[in-house]
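Working notes, structure below.
In this note's numbering, the protein residues as written are 13 to 169.
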């Protein structure tokens with residue numbers, strides 16, 4: 013376990029040499045940490061405790077998922093839900109959702125989106141960040157999701 017970031021809110025003495033300062037200020041600590049982990053070869057990144065009780069942190073965290081290059085499954089765990097990044101270069105995402113199980117899919121940037129196996133399917137519709145993907149439902153089958161841009165799937169944990 014180590015702390016990655018600019019250390020502006022960490023007492024480094026508590027971590028006894030288990031810190032890696034990332035002082036670049038063009039991106040937030042989460043974006044810098046994701047990049048560092050991917051450079052180390054991690055293919056699955058699970059993020060907990062990042063919401064900070066501030067809506068701007070949540071939006072900034074989703075921005076960090078958008079900024080990250082392809083090649084890793086990135087998930088942010090919230091109190092009762094999880095946000096999963098779906099990157100177009102990583103291929104189609106699929107998961108089983110029980111009948112009536114609610115999930116949302118948001119386009120972070122513009123592009124065509126495909127959702128199949130859900131109550132409300134989307135077939136190559138151009139989407140931007142909007143409420144269009146809010147509260148879809150599973151049908152007890154496999155839901156497949158892909159997009160031309162980065163998507164966020166928000167589902168129950």
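No residue lacks a Cβ here, since even glycine has one placed at the ideal position from N, Cα and C. These figures come from a predicted structure and were not determined experimentally.
Start and end residues, beta strand (DSSP E) containing residue i
i           : result
residue 75  : Note, residue 75: premise wrong, no beta strand (DSSP E); alpha helix (DSSP H) at 67-79.
residue 58  : 56-60
residue 165 : 163-168
Residue i classed as buried or exposed, judged by whether at least 16 other C-beta atoms fall within 10 angstroms
i           : result
residue 193 : No statement about residue 193 is possible, as the shown extent of the chain runs from 13 to 169 and does not include it.
residue 147 : exposed
residue 10  : In the structure displayed, the chain extends from 13 to 169; residue 10 sits before or after that span and is not available.
residue 41  : buried
residue 28  : exposed
residue 74  : buried
residue 167 : buried
residue 60  : exposed
residue 76  : buried
residue 83  : exposed
residue 150 : buried
residue 165 : buried
residue 163 : buried
Assumed close pair residue i, residue j - CB separation to whole angstroms, cut-off 8 Å
i           : j           : result
residue 145 : residue 117 : 4 Å
residue 86  : residue 46  : 6 Å
residue 88  : residue 119 : The pair is not a contact, with the Cβ atoms about 17 Å apart (cut-off 8 Å).
residue 30  : residue 56  : So it is not a contact: roughly 21 Å between Cβ atoms.
residue 161 : residue 121 : 4 Å
Residue span of the alpha helix (DSSP H) that contains residue i, given as start and end
i          : result
residue 49 : 41-51
Within the chosen definition, does the region 105-112 reach the region 156-165 through at least 3 CB pairs nearer than 8 Å? Enough Cβ pairs lie closer than 8 Å, so yes.
Within the chosen definition, does the region 126-143 reach the region 84-103 through at least 3 CB pairs nearer than 8 Å? These segments do not touch.
Counting only runs that start and end within the region 76-154, where is the beta strand (DSSP E) found for 3 or more residues in a row? List check, beta strand (DSSP E) in window: 85-89, 93-98, 105-109, 114-119, 123-128 and 134-139.
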